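Taken in order, these protein sequences are the chains called H and E. Per the UniProt record's numbering, residue 1 is the first one in the first sequence, and the count goes up by one each step. Per the UniProt record's numbering, residue 1 is the first one in the second sequence, and the count goes up by one each step. Encoded as structure tokens, the structure appears first; notes follow it.
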Amino acid sequence: PMLSRSAFNEALPQLLARLSGRLSWPMRLATVGAESDTPVMELQTSFLVAGPAADASDSAPVLVQVRLHIGFSSAYACPVLHFCLSQPDGVPLAASDAADFVRVNVESSTGEAAGQLDLASVLSQVPHPQLGCPMYTLHPCRTAELIGRLTSASEADRDGSGEVRDTNAAALAVLSWLTVYGRAVGLQVPPECFL
Amino acid sequence: QTTPDSIQRQVWDGKLPVCFVLPEDPDVPPLYSLVPRVGYFPALLDRLRAHLSRHAGIDEDSPGAQQLWLRSAGRPLRWHLPVGLLYDLERPKPPPLPWEVEIRTRDFPTDELVSFGPNNSLESYFLYCLKEADALKHRARVINEMGEREHRQLWQGLLNDQFDQFSVVNRKLMEGEAKYLPFRIYQQGADGGLSVLQCLAKPHREDSTPLTLSDLLRICLPNFTDPVTLATHGVSLPMETPLAWAYDKLAYPDNFLHLVLQPGRCNSAGDGESSAMQLDSSRILTVI
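Below is the structure:
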């Protein structure tokens with residue numbers, strides 16, 4: 001079953017509640033534009049995570065400020081991440097450092113050997129579709145498939161319409177997706193969020 | 001059909017004469033170039049750096065050359081957008097030709113401009129656009145079925161101005177029934193802000209007649225009542241134009257129909273100010 005923008009919008013308050021219940025980061029829902037009559041909404045949050053070590057001898061952990069926007073792509077009918085990476089003082093990470101940050105996060109969570117992941121084909125800096133400012137994004141091309149599987153596993157399409165209409169199921173599907181994709185930016189979704 | 005005289009070919013061949021200047025060093029001679037309307041400014045970065053190295057003593061590997069950006073009429077050029085679209089968006093009206101574009105080597109506007117370089121290639125961004133367009137049309141089935149070789153061919157065809165090389169692959173993306181048609185509507189504000197509208201539009205209305213540009217405006221801007229024109233490649237389109245026809249003939253190589261919203265009614269099928277298509281036949285400028 002497919003997720004629609006309106007189902008995503010309806011699931012956002014529950015997603016916010018589940019996440020903010022366990023994570024103490026600043027978090028809010030924001031309307032960033034409109035698509036015909038439907039508002040374009042996002043869950044926006046900001047947090048500090050350990051970045052890749054500058055070199056092995058560094059004892060001080062490198063911290064990265066992640067500004068994360070969780071939105072919805074109508075083209076792919078699935079959630080999408082846009083994010084900014086900066087040093088704690090606000091200076092944006094250099095492109096090579098940003099790529100390293102994502103690469104290290106993905107490799108440590110998937111166990112893939114260094115250098116085998118073709119990051120360039122899935123990570124791009126693009127203008128945010130509504131806000132226009134440059135942000136990183138992970139190409140959603142395979143996400144739709146994943147969401148389809150997650151939502152059918154949760155019986156979201158009870159009325160057989162092909163669309164996810166159950167808000168609880170939609171929120172859990174987005175949360176499951178975030179558990180996977182959030183790792184690219186060092187976000188670990190606590191399992192208690194699913195309860 | 002893509003015969004040499006076809007609309008698609010004319011769209012591809014449209015070029016704009018651009019004059020790149022370096023205001024921070026007026027002794028540096030300008031660089032003139034006939035830039036494809038359907039191309040992208042970041043594709044010229046190597047040429048610009050070579051020019052600065054030769055004439056301004058700015059080494060190609062220096063931070064200034066690496067953090068190069070472009071400005072027009074006092075505003076950063078949003079160079080992730082095709083060149084022709086940027087020109088058509090200039091306010092209050094498209095600048096006189098050759099289009100004077102400033103090269104800047106300091107103060108890269110990181111909060112406004114996408115940075116293209118070895119870690120974020122223009123090719124990868126182009127592919128990102130193609131994927132999204134195919135997601136709208138075919139649930140990304142066609143682009144995902146293509147291998148990396150065909151993806152590269154699309155990019156190389158565009159980069160090297162090789163219409164046939166590009167078209168033989170692009171044809172697969174452009175043919176067949178599309179679920180939704182990829183388009184964006186742009187409106188440049190007087191303050192320099194750009195609003196971009198995108199929504200889901202099927203090729204046909206509920207009654208199976210073709211969806212027109214007026215229908216599209218009603219879908220995207222439901223409460224809008226002012227008379228407006230939609231233009232692309234410097235040409236205003238009649239509002240009764242079917243979206244599917246406009247898409248088939250006038251989509252950019254990134255597989256999106258990029259439409260500029262302008263106030264006022266469209267008077268005719270062609271605008272006296274559409275300079276690009278007419279200028280192409282005169283080719284008055286030499287490339288230095």
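C-beta: ideal position from N, C-alpha, C; glycine also. Note that this is a predicted model, so its numbers are computed, not measured.
I'd like to confirm the pairing. Which residues does DSSP put opposite residue 21 (chain E) in its beta bridges?
E:102
Flag this pair as yes or no: are the beta carbons of residue 68 (chain E) and residue 104 (chain E) separated by less than 8 Å?
Going by C-beta atoms, residue 68 (chain E) is nearer than 8 Å to residue 104 (chain E).
So the candidates are H:118, H:90, H:16; which of them puts its Cα closest to the Cα of residue 111 (chain E)?
H:90
Quick one: measure Cβ to Cβ for residue 90 (chain E) and residue 72 (chain E), integer angstroms, because I've assumed they're closer than 8 Å.
7 Å
List, in chain order, every chain H residue whose beta-carbon is nearer than 7 Å to that of residue 220 (chain E).
36
To the nearest whole angstrom, what separates the beta carbons of residue 173 (chain E) and residue 143 (chain E), a pair I think is in contact under 8 Å?
7 Å
What is the rounded straight-line gap between the Cα of residue 36 (chain E) and the Cα of residue 117 (chain E)?
21 Å
Closer than 8 Å by C-beta to residue 18 (chain H): which residues in its own chain qualify, once you throw out the five before and the five after it? Chain order, please.
171, 175, 193, 194
Let me check understanding here. Comparing Cα to Cα, which of H:77, H:86, H:82, H:37 lies closest to residue 52 (chain H)?
H:86
Report the residue ranges of all beta strand (DSSP E) runs contained in full by the UniProt domain "Autophagy protein ATG5 UblA" (11 to 104) of chain E; include only those spanning at least 3 residues, in chain order.
The UniProt domain "Autophagy protein ATG5 UblA" (11 to 104) of chain E contains these whole beta strand (DSSP E) runs: 15 to 21, 31 to 36, 69 to 72, 99 to 104.
Once DSSP output is grouped into helix, strand and coil, what is the label at residue 5 (chain H)?
helix
Could you pull out every residue in the same chain whose Cβ sits closer than 6 Å to the Cβ of residue 163 (chain E), ignoring the five residues on either side in sequence?
12
Please look up how many angstroms separate the CB atoms of residue 122 (chain E) and residue 42 (chain E), rounded, as I've assumed it's under 8 Å.
5 Å
With burial defined as no fewer than 16 other Cβ atoms inside 10 Å of the residue's Cβ, what is the status of residue 212 (chain E): buried or exposed?
buried
Is the beta carbon of residue 227 (chain E) sitting closer than 8 Å to the one on residue 171 (chain E)?
no
Determine, using beta carbons only, whether residue 114 (chain H) comes closer than 8 Å to chain E.
At residue 114 (chain H) the pLDDT is 46, less than 50, meaning the model places this residue with poor confidence; the figure from the coordinates comes in the next sentence. With respect to chain E, the C-beta atom of residue 114 (chain H) has no partner C-beta closer than 8 Å.
Taking only beta-carbon positions, decide if residue 88 (chain E) is within less than 8 Å of chain H.
no
8 Å is my cut-off, CB to CB: does residue 188 (chain E) come that close to chain H?
no
Determine the direct distance from the alpha carbon of residue 25 (chain E) to that of residue 155 (chain E), and round the result to whole angstroms.
Between the alpha carbons of residue 155 (chain E) and residue 25 (chain E) lies a gap of roughly 34 Å.
Within 10 angstroms of its Cβ, does residue 255 (chain E) collect 16 or more other Cβ (buried), or is it exposed?
buried
Quick check on residue 132 (chain H): does DSSP put it in helix, strand or coil?
coil
Are the C-beta atoms of residue 124 (chain H) and some chain E residue less than 8 Å apart?
yes
List the residues of chain E that residue 132 (chain H) touches, going by C-beta distances under 9 Å, in chain order.
78, 112, 193, 194, 195, 196
Sorted by chain position, which residues of the same chain lie with C-beta nearer than 8 Å to residue 48 (chain E)'s C-beta, five sequence neighbours on each side aside?
20, 31, 68, 103
Does the distance from the CB of residue 202 (chain E) to the CB of residue 180 (chain E) come in under 8 Å?
yes
Counting only C-beta atoms, is residue 19 (chain E) closer than 8 Å to chain H at any point?
no
Against chain E, does residue 139 (chain H) count as a neighbour if the rule is that its beta carbon must be under 8 Å from one of theirs?
yes
Can you tell which of H:30, H:63, H:73 has its C-alpha closest to the C-alpha of residue 93 (chain H)?
H:63
Report the three-state DSSP secondary structure of residue 181 (chain H) (helix, strand or coil).
helix
Could you check whether residue 123 (chain H) and residue 95 (chain H) sit closer than 8 Å to each other, using their CB atoms as the reference points?
Taking the C-beta atoms as reference points, residue 123 (chain H) is found no nearer than 8 Å to residue 95 (chain H).
Whole angstroms are fine: how far does the CA of residue 99 (chain E) sit from the CA of residue 56 (chain E)?
21 Å
How close, in whole Å, do the beta carbons of residue 47 (chain H) and residue 69 (chain H) come, if the pair is a contact with beta carbons under 8 Å?
Residue 47 (chain H) to residue 69 (chain H), Cβ: 13 Å. No contact.
Given that a residue counts as buried once 16 or more other Cβ atoms are within 10 Å of its Cβ, and exposed if not, what is residue 282 (chain E)?
Reliability of the predicted coordinates at residue 282 (chain E) is poor, the pLDDT of 28 falling under 50, and no value is obtained from them.
Given a threshold of 16 other Cβ atoms within 10 Å of its Cβ, counted over all protein chains shown, does residue 188 (chain H) qualify as buried or as exposed?
exposed
Which chain H residues sit within Cβ distance under 8 Å of residue 115 (chain E)?
95, 125, 134
Look up residue 139 (chain H) in the DSSP assignment and say whether it is helix, strand or coil.
coil
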